[in-house]
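As structure tokens, the structure follows; a few thoughts come after it.
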Amino acid sequence: MSTMAGSAGPLRALGALILLAAAVHAGALLNGFTFDDPHIVVENPLVTEPGGILRIPFAHYWAGSGGQGNLYRPLTLATYWLNHRAGGTSAWAFHLVNVLLHAAVTGVVYLLARRLAPEPAALAAAILFAVHPVHTEAVANVAGRAELLAALFVLSAWLLRRRAGWSLALFALGLLSKENAIVLPGLLMLEDLPSKGPRASLRSALPHAVAAGVWLAARTLVVGAGTAAEGDPFLGVPAHERILTAVSVLGREVLLMVAPIRLSADYSFDQIPVAASVLDAGFLAGLAALAACGLAAAAARTLPCVRLGIAGFFVCLLPVSNLLFGIGVMMAERLLYLPSALACLAAGGVLERLSRTAGPRRARQALLAVSLALAAAGAWRTADRVGDWFDQVTLFEATVKTSPRSALAWVNLGAAYQELGRLEDAERCFREAASIAPARPGPRYNLAVALEKQGRLSEAIEAYREALRLAPSDART
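Numbers 144 to 620, taken from our numbering, label the letters of the sequence shown in order.
Here it is as structure tokens:
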């Protein structure tokens with residue numbers, strides 16, 4: 144009888160967490176297709192054609208848009224294909240799957256945290272993960288599904304690591320969902336290091352490392368061995384400047400985990416300037432944030448879940464940090480989805496320890512109260528942020544406010560206005576983008592089209608000429 148009662152508590156908590164995660168993001172069901180969704184889903188023959196499923200295993204992620212790329216995510220594309228078979232291009236059905244996936248990931252975070260931390264800390268960690276506002280890009284945007292799937296399979300494989308067959312199978316699914324799943328062997332080693340030491344930890348992670356090697360070989364056969372994507376913001380930038388800038392971005396990401404107030408769908412040129420010197424303010428701020436995390440981990444000698452959470456956060460970020468190579472993206476909140484599970488684990492451990500200062504009788508109540516207060520604030524911010532992804536106009540009107548130096552955000556807002564016939568507003572946006580990125584032809588070309596549609600032909604011709612001068616081989620010009 145006591146066993147049944149003991150298991151009922153965690154089961155109730157698991158159910159409540161799943162409902163919480165889904166409820167906070169339910170507003171996404173009202174959203175349409177935004178940002179990259181049209182290219183990846185609506186206009187992608189790999190997704191919309193019945194025979195597309197047969198081509199997906201042999202295509203890169205952006206093949207359906209006609210562009211080039213070296214991302215290999217066949218499982219993610221396959222889920223879009225299944226979504227389309229079930230409900231066509233009904234946006235709410237795609238969003239529903241994303242919301243349910245986030246709820247499932249939240250449940251796995253709780254179950255995994257229960258193994259890595261005391262029960263109160265695990266509950267606090269899962270509550271924070273369920274409502275953290277930084278997740279909105281991954282959940283409220285259909286194209287964020289790759290993050291959800293990778294996190295679900297990586298964390299599930301970690302949870303079931305004692306069942307080697309299941310763990311390896313889940314890890315393989317994670318790798319086929321998104322490349323950042325490759326961090327699992329590192330996470331397994333981090334868990335084992337305190338008790339087993341380096342050699343034994345390496346041996347325990349070896350089967351997953353071998354699986355990652357097999358996946359890498361298969362991926363190379365399909366999409367090639369390159370790592371830098373087309374449009375890499377660090378293309379032509381010296382390696383030391385890329386690394387300095389990556390440190391600056393890490394500082395921003397740590398801040399977002401602690402205070403997710405100012406969120407943005409885009410951080411591309413020139414929202415985050417490239418750091419050219421060790422005296423750059425962004426680099427120094429990033430260095431300070433990393434030092435603070437290091438000191439926190441060192442201070443948490445008796446809190447293994449905190450140390451694991453902090454170290455795991457950075458292990459999960461490493462492949463997408465631009466420290467090792469340029470990934471084609473300066474910074475994106477969706478890239479924090481998997482790392483945030485480890486950050487929330489650390490936060491849960493800290494909250495659990497702090498609650499003990501209230502005395503043994505009140506510790507659990509104090510922890511629950513603080514967690515619920517943080518959850519309420521996070522839920523409010525998340526629910527509000529989800530609405531920004533309603534359509535292209537609402538998304539990019541919000542984005543140019545939080546990332547006013549992003550040329551891409553201004554171009555996308557201009558394109559959304561142009562689609563609605565708001566040509567003067569579109570012109571204003573394209574001019575703003577051109578002022579931010581004067582050496583890029585895209586804003587000039589878009590400006591020329593907007594001017595031509597307004598009948599201002601002489602101005603349009605001049606804009607076309609400028610775009611042609613900047614990119615003589617561009618097919619558009």
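Think of the CB as a built atom: it goes at the ideal place given N, C-alpha and C, for glycine as much as any other residue.
- Spanning the alpha carbons of Thr537 and Pro350 requires a straight line of approximately 46 Å.
- With a cut-off of 8 Å on Cβ pairs, the region 215 to 233 is in contact with the region 179 to 198, counting three or more such pairs.
- Your pair Asn465 and Ala389 checks out as a contact, with CB atoms roughly 4 Å apart and the cut at 8 Å.
- The Cβ atoms of Ala283 and Trp532 sit closer than 8 Å to each other.
- Counting along the chain, Ala283 sits inside the alpha helix (DSSP H) bounded by residues Thr279 to Ala283.
- With respect to Phe296, Leu311 sits apart: the two C-beta atoms are not nearer than 8 Å.
- Lys321 is classed as buried because its beta carbon has at least 16 other beta carbons within 10 Å across all chains shown.
- Sorting Cys436, Ala267, Ala360 and Leu460 by C-alpha distance to the C-alpha of Ala516 places Ala267 at the top.
- Shortest Cα-Cα distance from Leu485 to any of Ile386, Asn174 and Phe457 involves Phe457.
- Under the DSSP assignment, Gly250 falls in the alpha helix (DSSP H) whose first and last residues are Ala234 to Leu259.
- Distance from His227 to Ala171 at the Cβ level is roughly 18 Å; contact not present, criterion being Cβ atoms closer than 8 Å.
- Residue burial annotation: His383 is exposed, with fewer than 16 other C-beta atoms found within 10 angstroms of its C-beta.
- In the three-state scheme derived from DSSP, where H, G and I count as helix and E and B as strand, Val190 is classed as helix.
- When DSSP states are grouped into helix, strand and coil, Lys339 belongs to the helix group.
- CA-to-CA, the gap between Ser391 and Leu478 works out to about 16 Å.
- Taking 8 Å as the cut-off, the beta carbon of Ala541 is found no closer than this to the beta carbon of Asp409.
- Annotation for Glu570: Gly557, Leu590, Ala593, Leu594 and Gln597 place their beta carbon closer than 8 Å to its own, counting only its chain and skipping 5 residues before and after.
- Note on geometry: alpha-carbon atoms of Arg346 and Asn187 lie some 42 Å from one another.
- Ala281 and Leu291 have their alpha carbons spaced roughly 7 Å apart.
- Between Trp301 and Leu255, the CB-CB gap stays under 8 Å.
- Boundaries for Ile183: no alpha helix (DSSP H) harbours it, and the DSSP string shows neither H nor E there.
- One thing to note: Leu393 has its Cβ no nearer than 8 Å to the Cβ of Val421.
- Taking a C-beta distance under 8 Å as the contact criterion, Arg587 and Leu613 qualify as a contact pair.
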